[in-house]
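**Student:** Residue numbers (the numbering used here): 515 to 773.
My questions all concern the structure below.
So this is what it looks like as structure tokens:
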């Protein structure tokens, strides 16, 4: 299994003569096959560390590596999904999924077959010929997931991907993400403000503070594994242990905001 790591990362923003540290000597390790969740308030630096891991932003200090090989730019091993789906509006659904395969030199027949497979995985096989404008917000996020899955990344980095969705659609997308994780074994890093979402999805959950970015507490929820083994989301969320851990995390975040 692959490992994506950020070691001793530091990053500061300069405005005039003032220097504001956003991340200071922060380390993170992601294992393929795990769902890692970063949970914290707006502005704490969690999206910044995701952009550094993705290769979109260079740190002032520290190293990002994949299996001990240093990374300094984006690569196909790390796919990113943002809240804004970033689809190509002039392409239909299947061509959006196939675009990465086309860039990689896959022939037309094969890339169509693979694109249909990933559309089926996210429940959009019947929408293959639809334009992006004809899809709902939830369907566009499904399409975005299918597009990144088609290039077979080892890790998917998601920055608040479901934040703009209504509650019901968001829950459906959470379940879809768990099914994708179960079927593909891809490593996932998810940024979220939602305690319930973090608890449900995470193999490893970090509660964050900042800036500068730091870890308040670490949790290892069991709910994603239990979903993997056949238990329903509704059953898991109704458990006392779920509500107990939710309250623990909320208390930690509230204490941090009062400091």
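Each residue gets a CB set at the ideal place from its N, CA and C atoms; glycine is no exception.
From a predicted model like this one, the values you see are computed outputs, not experimental measurements.
1) Cβ of residue 703 within 8 Å of Cβ of residue 553?
2) Where does the unbroken alpha helix (DSSP H) through residue 697 begin, and where does it stop?
3) Within its chain, find whatever has a CB closer than 8 Å to the CB of residue 522; leave out the 5 residues flanking it on each side and keep chain order.
4) Starting from residue 633, trace the alpha helix (DSSP H) both ways and give me its first and last residue.
5) Measuring straight from C-alpha to C-alpha, what distance separates residue 726 and residue 559?
6) In terms of alpha-carbon separation, which member of 613, 582 and 721 lies closest to residue 661?
7) So, for residue 602: in the same chain, excluding its five sequence neighbours on each side, which residues have a beta-carbon less than 8 Å away from its beta-carbon?
8) For residue 644, collect the residues of the same chain with a Cβ closer than 7 Å to its Cβ; drop the 5 residues on either side in sequence, then sort them by chain order.
9) On a CA-only basis, which of 724, 517 and 628 is nearest residue 535? Give me that one, please.
10) Can you tell which of 589, 688 and 741 has the C-alpha that lies nearest to the C-alpha of residue 677?
11) Does the pairing of the segment 628–636 with the segment 586–597 give three or more beta-carbon distances under 8 Å?
12) Identify whether residue 660 lies in helix, strand or coil by the three-state DSSP scheme.
**Tutor:** Walking through what the data contain:
1) Here residue 703 is not near residue 553, since their CB atoms are 8 Å or more apart.
2) 681–698 is the span of the alpha helix (DSSP H), which, as asked, contains residue 697.
3) In its chain, beyond the 5 residues on either side, 539, 540, 541, 575, 576 and 577 have a beta carbon closer than 8 Å to the beta carbon of residue 522.
4) Per DSSP, residue 633 belongs to the alpha helix (DSSP H) from 622–635.
5) Cα to Cα, residue 726 sits roughly 7 Å from residue 559.
6) The shortest C-alpha separation from residue 661 is found at 613.
7) Excluding five sequence positions before and after residue 602, the CB atoms of its chain that fall closer than 8 Å to its own CB belong to 609, 610, 613 and 646, given in chain order.
8) Sequence-distant Cβ neighbours of residue 644 in its own chain, meaning closer than 7 Å and more than five residues away, are 606 and 607.
9) Looking at the Cα atoms, 724 is the closest of the given residues.
10) Ranking the options by Cα distance to residue 677, first place goes to 688.
11) By the criterion of at least three beta-carbon pairs nearer than 8 Å, the segment 628–636 is not in contact with the segment 586–597.
12) Secondary structure at residue 660: helix, using DSSP grouped into helix, strand and coil.
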